[in-house]
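S.K.:
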Amino acid sequence: MKLLLIEDELELALTLQDFLQGEGYLVEWASDFPTAEEKASLYEYDCLIVDINLPGGGSGLDILRQLKHSRPETGVIIVSARNAFEDRIAGLDLGADDYLTKPFHLPELNARLKALIRRRQFAGNPDITFGAIRVNPVKRQVYVAEGSVELTPKEYDLLLYFLANEYRVLSRESIAEHLLGDSADQMDDFNFIYSHVKNLRKKLMDRGCSDYIQAVYGIGYKFTDRIL
Amino acid sequence: MKLLNQTQYWFLLTAAPIFALAGVGMYFALNAVFQDFAEEKMEGVKTEIEAFVGIHDTLPVFFQSTDDRLEISPLTQSAGSIPIRFSDTLIYNQIEDEKEPFRRLLFPVRMKGKWVGVSILQSSIEQEDLATTIAMLLTGLFALLFGVLIWVNRRVSRRVWQPFFATLDQMRRFRLNDAAPLRLGETPVNEFRELHQTLEELADQVQRDFRTVKQFTENASHELQTPLAVIQNKVDMLLQDEAFNERQLQQLNIIGQSARRMARLNQNLLLLAKIENDQFEERSAVDLKLLLEKRLAWLEDFIAEKQLSVTTELHPVQLKINPFLADTLVTNLLTNAVKYNLGAGTLRIELDSNQLFVINSGEAPELPVSKLTQRFTRGNNQSEGLGLGLAMVKEICEKNGLGFELGFHGGAWRVTVMFNAPSIMAQHPGI
Chain A
1 MKLLLIEDEL
11 ELALTLQDFL
21 QGEGYLVEWA
31 SDFPTAEEKA
41 SLYEYDCLIV
51 DINLPGGGSG
61 LDILRQLKHS
71 RPETGVIIVS
81 ARNAFEDRIA
91 GLDLGADDYL
101 TKPFHLPELN
111 ARLKALIRRR
121 QFAGNPDITF
131 GAIRVNPVKR
141 QVYVAEGSVE
151 LTPKEYDLLL
161 YFLANEYRVL
171 SRESIAEHLL
181 GDSADQMDDF
191 NFIYSHVKNL
201 RKKLMDRGCS
211 DYIQAVYGIG
221 YKFTDRIL
Chain B
1 MKLLNQTQYW
11 FLLTAAPIFA
21 LAGVGMYFAL
31 NAVFQDFAEE
41 KMEGVKTEIE
51 AFVGIHDTLP
61 VFFQSTDDRL
71 EISPLTQSAG
81 SIPIRFSDTL
91 IYNQIEDEKE
101 PFRRLLFPVR
111 MKGKWVGVSI
121 LQSSIEQEDL
131 ATTIAMLLTG
141 LFALLFGVLI
151 WVNRRVSRRV
161 WQPFFATLDQ
171 MRRFRLNDAA
181 PLRLGETPVN
191 EFRELHQTLE
201 ELADQVQRDF
211 RTVKQFTENA
221 SHELQTPLAV
231 IQNKVDMLLQ
241 DEAFNERQLQ
251 QLNIIGQSAR
261 RMARLNQNLL
271 LLAKIENDQF
281 EERSAVDLKL
291 LLEKRLAWLE
301 DFIAEKQLSV
311 TTELHPVQLK
321 INPFLADTLV
331 TNLLTNAVKY
341 NLGAGTLRIE
351 LDSNQLFVIN
361 SGEAPELPVS
371 KLTQRFTRGN
381 NQSEGLGLGL
391 AMVKEICEKN
401 GLGFELGFHG
411 GAWRVTVMFN
421 APSIMAQHPG
431 I
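Keeping their order, the protein sequence lines are chains A and B.
Numbering of the first sequence is given in my numbering, commencing with residue 1 and proceeding in unit increments.
Numbering of the second sequence is given in my numbering, commencing with residue 1 and proceeding in unit increments.
(1) Out of A:220, A:70, A:55, A:225, which one is the CA nearest neighbour of residue 236 of chain B?
(2) For residue 25 of chain A and residue 117 of chain A, what's the separation of their Cα atoms in angstroms?
(3) Evaluate contact between the stretch 48–58 of chain B and the stretch 153–167 of chain B, counting only Cβ atoms and requiring at least three cross-stretch pairs below 8 angstroms.
(4) Exposed or buried, what is residue 7 of chain A when buried is set at 16 or more other beta-carbons lying within 10 Å of its beta-carbon?
(5) What is the rounded straight-line gap between the Cα of residue 306 of chain B and the Cα of residue 187 of chain A?
(6) If we call anything under 7 angstroms between Cβ atoms a contact, is residue 166 of chain A one with residue 104 of chain A?
(7) Rounded to whole angstroms, what is the Cα-Cα separation between residue 102 of chain B and residue 148 of chain B?
(8) Just grab the DSSP bridge partners of residue 111 of chain B for me.
(9) For residue 213 of chain B and residue 400 of chain B, I'd like the C-alpha separation in whole angstroms.
(10) Spell out the partners DSSP gives residue 409 of chain B in its beta bridges.
(11) Based on the DSSP secondary-structure assignment, which residues constitute the bridge partners of residue 98 of chain B?
(12) May I ask you to verify whether the stretch 280–297 of chain B touches the stretch 312–329 of chain B, counting CB pairs closer than 8 angstroms and requiring at least 3?
(13) The stretch 11–24 of chain A: which residues have C-beta closer than 8 angstroms to a C-beta of chain B, in chain order?
(14) Where does the unbroken alpha helix (DSSP H) through residue 151 of chain B begin, and where does it stop?
(15) Going along the stretch 232–255 of chain B in order, which residues come within less than 8 angstroms of chain A, judged by CB to CB distance?
(16) Please check the pair residue 299 of chain B and residue 335 of chain B, which I expect to be a contact at CB under 8 angstroms, by giving their CB distance rounded to whole angstroms.
(17) Determine, for residue 301 of chain B, whether the minimum Cβ-Cβ distance to residues of chain A falls below 7 angstroms.
(18) The beta strand (DSSP E) that contains residue 309 of chain B, what's its start and end?
(19) The alpha helix (DSSP H) that contains residue 186 of chain B, what's its start and end?
(20) Hey, residue 261 of chain B and residue 321 of chain B are a contact pair by Cβ (cut 8 angstroms); roughly how many whole angstroms apart?
(21) Give every residue of the same chain whose Cβ lies closer than 6 angstroms to the Cβ of residue 36 of chain A, excluding the five residues on either side of it in the sequence, and list them in chain order.
(22) Take residue 216 of chain A and list the residues in its own chain whose beta-carbon comes closer than 6 angstroms to its own, dropping the five residues that flank it on each side.
(23) In the DSSP assignment, what are the bridge partners of residue 223 of chain A?
(24) Do residue 402 of chain B and residue 390 of chain B have their C-beta atoms closer together than 7 angstroms?
(25) Which ranges does the alpha helix (DSSP H) cover as unbroken runs of at least 4 residues, wholly within the stretch 254–338 of chain B, from first to last along the chain?
(26) Considering only residues of the stretch 4–61 of chain A, which uninterrupted beta strand (DSSP E) runs meet the minimum length of 3 residues and lie entirely inside it, listed in chain order?
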């Protein structure tokens, strides 16, 4: 998987690059508009992560416009400051696949990226598996040992978020934002996550699945099959 | 008070006593002039009588009118001691049955070897009447002239001030957000040209500043978001580092939470600034009922967590408002009503074409209710809220001509948003 990261802030870009490489992606980085424009037109990427505000005479939206013209099959995730609604609407109108507002959680970017790549890979087996769990994201159906598990939409979203970020500590804030969207930060108390986690765990274990959801005290949860 | 009324008021206030004084003065002046005439005439008669008596040694037979008469009275004193003098007297008029004023000239005449006093009497009633009539006529004429002057002044003013009101109207419609600069048009009147010039310069300056502030707002948002995003992402990375122990991980998480809190604060302050700067001008019809239902569904986890009992009575309402602001308004109201509710409390939402009620159980405020819409004011100190929610709600209401009321009665908070608040913009009545 080859990604182009278009981000003008050095520290942010380095962190993202570090993280994405850790996820096994091949990441190239462009820090200004001309470089980004050049790379996007010369090389082929599976996905672009584009910051809208760029130095060098153009915006991320311009790159998106050109890309959708020349290589419409490339996935695009727009990244921009919050409250820039016009940008969001313009980005999605121009054919961006997804939109993230800064600051975002890295696991969230990871989940979005995986979902996007999954949607764009028509061929092959789209199923996600982890241990005894198999998820068909097209049908939104979950199986444990070939028996189907009925989950509520939030439990399903939660499971997919865990599966996209296996072996990673996920904070309650990040889970809440994944389930509820940006507006989640309007609330302070995310105890409700506990009941969703409890229900999900119970439904999976009822089907004979081992308990993969590990509580990380004071922080959140970790989806893992490794015993500490 | 209108400018014109004010000038006319002072005009009238000074003119009225002057008219009154002029009228009275005129009366006395005319009276004096007429008296002079009468006395001159009487002196002439006196000379004639003296001449007649000198020749005929008897008084002439005068006509006997009611106005002018001649009286002869024997003198008791010696001739030398009576002075020739004028005096005023009242004489009874049989026809009119009243006493009338006369002017009398008394002088001695030697007739048939004796001195007798002769007095000539001249009625002065006509003279006084005449003076009064003329004085009143002239005063009336002045008043009429003055009235006409005021009327003409009003007509002319209306025409002369027309450009002023046109300018005022343009100023009222002027929005800082407009891309076009304020141009008030040409006028031949110097004062208005100067006014236009000054206003246009001022508007240009303000528009420039506004754009700068707007730009700053956006830049500040971008610039602040980035370091916060870096902190956030670094924390995300470090949380995965297995070299940290549990305590260290928790502290890292708190750094991440604080960064997010700061990011939220920044976003909300910028949002408030944007609302204040009227940067959400685009409006469309928003289905408030749908919005409330959507947000309520969104809050279901929090409602379930607190075991709130929710009742709604929602009628379809379309409101012309910026969709994002409508969402912010509804989100703030409902999240507040859930966040600051009691465990197993109540939440009631009523919506009709006149108003929206959000009523929720809650703790009594520690601060006066009126203070809660101020920024950074929280109902109680344990709350983790930013204290911006209600300030934002109030600001949105004010910017959209909606009424807003907040109250705490009988253990429940009640927020009312009124849709038919009287428009703030008053029509100018013209001149």
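Quick reminder that beta carbons are idealized off the backbone N, C-alpha and C, glycines included.
Treat the numbers as computed from the prediction; the structure is a model and nothing was measured.
M.R.: According to the structure shown:
(1) Locating residue 236 of chain B in the second sequence gives position 236, counting from the first residue. Measuring from the Cα of residue 236 of chain B, the nearest candidate turns out to be A:220.
(2) Within the first sequence, residue 25 of chain A is the residue found at index 25, counting from 1. Within the first sequence, residue 117 of chain A is the residue found at index 117, counting from 1. About 12 angstroms.
(3) Fewer than three pairs of CB atoms, one per stretch, sit closer than 8 angstroms, so the stretch 48–58 of chain B makes no contact with the stretch 153–167 of chain B.
(4) What you label residue 7 of chain A is simply residue 7 of the first sequence in a count that begins at 1. Its Cβ being crowded by 16 or more others within 10 Å, residue 7 of chain A is buried.
(5) For the purposes of this step, residue 306 of chain B is identified with residue 306 of the second sequence, where counting begins at 1. For the purposes of this step, residue 187 of chain A is identified with residue 187 of the first sequence, where counting begins at 1. Each residue's alpha carbon lies about 13 angstroms from the other.
(6) Counting from 1 along the first sequence, the entry for residue 166 of chain A is found at position 166. Counting from 1 along the first sequence, the entry for residue 104 of chain A is found at position 104. No. Outside cutoff.
(7) Residue 102 of chain B sits at position 102 when you count from the first residue of the second sequence. Residue 148 of chain B sits at position 148 when you count from the first residue of the second sequence. Distance between the alpha carbons of residue 102 of chain B and residue 148 of chain B is about 41 angstroms.
(8) If you number the second sequence from 1, residue 111 of chain B lands on position 111. According to DSSP, residue 111 of chain B bridges with B:114.
(9) Within the second sequence, numbered from 1, the residue matching residue 213 of chain B stands at position 213. Within the second sequence, numbered from 1, the residue matching residue 400 of chain B stands at position 400. Cα to Cα, the separation comes out at about 22 angstroms.
(10) As a working note, residue 409 of chain B is residue 409 in the second sequence. In DSSP, residue 409 of chain B forms a bridge with B:412.
(11) In the second sequence, counting from the first residue as 1, residue 98 of chain B sits at position 98. Note: residue 98 of chain B sits in a beta bridge opposite B:93.
(12) yes
(13) 11, 12, 15, 16, 18, 19
(14) Translated into positions along the second sequence, residue 151 of chain B becomes position 151. Unbroken alpha helix (DSSP H) run through residue 151 of chain B: 125–160.
(15) 232, 233, 234, 236, 237, 239, 240, 246, 249, 250, 253
(16) Along the second sequence, one-based indexing puts residue 299 of chain B at 299. Along the second sequence, one-based indexing puts residue 335 of chain B at 335. Contact holds; Cβ gap of about 7 angstroms.
(17) The sequence position of residue 301 of chain B within the second sequence is 301, counting from 1. Yes, contact with chain A.
(18) Indexing the second sequence from 1 puts residue 309 of chain B at position 309. From DSSP, the beta strand (DSSP E) with residue 309 of chain B extends over 309–314.
(19) Reading the second sequence from its first residue, position 186 is the one you call residue 186 of chain B. Counting along the chain, residue 186 of chain B falls outside any alpha helix (DSSP H), and DSSP gives it neither H nor E.
(20) The count along the second sequence starts at 1 and reaches residue 261 of chain B at position 261. The count along the second sequence starts at 1 and reaches residue 321 of chain B at position 321. About 29 angstroms separates the two Cβ atoms, so there is no contact after all.
(21) On the first sequence, residue 36 of chain A is found 36 positions in, with the first residue counted as 1. Once the five neighbours on either side are set aside, the close Cβ partners of residue 36 of chain A are 6, 30, 63.
(22) Stepping through the first sequence from its first residue, residue 216 of chain A is reached at position 216. So the qualifying residues of the chain are 169, 222.
(23) Position 223 of the first sequence holds residue 223 of chain A. Paired residue(s): A:213.
(24) Stepping through the second sequence from its first residue, residue 402 of chain B is reached at position 402. Stepping through the second sequence from its first residue, residue 390 of chain B is reached at position 390. Result no, Cβ atoms of residue 402 of chain B and residue 390 of chain B do not sit closer than 7 angstroms.
(25) 288–298, 300–306
(26) 26–30, 47–51
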